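In mature numbering (1 follows the signal peptide of the UniProt record, and there is no 0), the protein residues as written are -22 to -1, 1 to 85. Where is the CB? At the ideal position from N, CA and C, for every residue including glycine. On a predicted model such as this, the values are computed, not experimentally measured, just so you know. Data block below; observations after.
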């Protein structure tokens, strides 16, 4: 299943999809308000808070299913030509920080 992700880059609205992942484990829990604030702080604005949160949790589902961080960032960028690699990387890192911090310590 392809999860649709909606986010807005610095100036333009972007819609992006996370890569298809195997059946997800239970939805990651986290600090939704902190996640949304962190996105705003780095200049990633979102059209829908719910879509941004769903997108962040989808990042963790993919990482938890074995996708590497580099693969994930590349997929986010590929599916969102209007998003640059820096924003794609920032989104993935912020999602991991707030929804699956254990992924940040993996090598």
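Exercise. Excluding five sequence neighbours on each side, which residues of the same chain lie with their C-beta closer than 8 Å to the C-beta of residue 38?
Worked result: By one-based count along the chain shown, residue 38 stands at place 60. Closer than 8 Å at the Cβ level, and outside the excluded window around residue 38, lie 6, 73, 74, 77, 78, 81.
For this session: Go ahead and label residue 61 buried or exposed: buried means 16 or more other beta carbons lie within 10 angstroms of its beta carbon, across all protein chains shown.
Result: Counted from its first residue, the chain shown places residue 61 at position 83. So residue 61 ends up on the buried side.
Exercise. Buried or exposed: where does residue 53 fall if 16 or more other Cβ atoms within 10 Å of its Cβ makes it buried?
Worked result: By 1-based counting over the chain shown, the position of residue 53 is 75. Buried.
Problem set entry | Under the three-state DSSP convention, the category residue 79 falls into | Position 101 of the chain shown, counted from the start, is the residue given in the question as residue 79. Three-state DSSP puts residue 79 in a helix.
Exercise. Can you tell me where the alpha helix (DSSP H) with residue 47 in it begins and where it stops?
Worked result: Looking up residue 47 in the chain shown gives position 69. 47 to 57 is the span of the alpha helix (DSSP H), which, as asked, contains residue 47.
For this session: Leaving aside the five residues before and after residue 70 along the sequence, list all residues of the same chain whose C-beta is less than 7 Å from its C-beta, in chain order.
Result: Stepping through the chain shown from its first residue, residue 70 is reached at position 92. Counting only Cβ-Cβ distances below 7 Å, and skipping sequence neighbours, we find 37, 47, 50, 51, 54.
For this session: May I have the straight-line CA-CA distance separating residue 9 from residue 66, to the nearest angstrom?
Result: Position 31 of the chain shown holds residue 9. Position 88 of the chain shown holds residue 66. Computed Cα separation, rounded: 20 Å.
For this session: Kindly indicate which residue of 21, 20, 15 has the alpha-carbon position closest to the one of residue 27.
Result: By 1-based counting over the chain shown, the position of residue 27 is 49. Nearest C-alpha to residue 27: 15.
Exercise. If you run the structure through DSSP and keep just helix, strand and coil, what is residue 71?
Worked result: In the chain shown, residue 71 corresponds to position 93, counting from 1. The answer is helix: DSSP assigns residue 71 an H, G or I state.
Exercise. Can you tell me whether residue 1 is buried or exposed, with buried defined as 16 or more other CB within 10 angstroms of its CB?
Worked result: Here residue 1 refers to the residue found at position 23 when the chain shown is read from its first residue. Because the pLDDT of residue 1 is 49, which lies under 50, any placement of that residue in the model is unreliable, and the question is left without a value.
For this session: Compute the beta-carbon to beta-carbon distance between residue 22 and residue 68, rounded to the nearest angstrom, for a pair I have assumed lies under 8 Å.
Result: Counted from its first residue, the chain shown places residue 22 at position 44. Counted from its first residue, the chain shown places residue 68 at position 90. Rounded, the Cβ-Cβ distance is 6 Å, consistent with contact.
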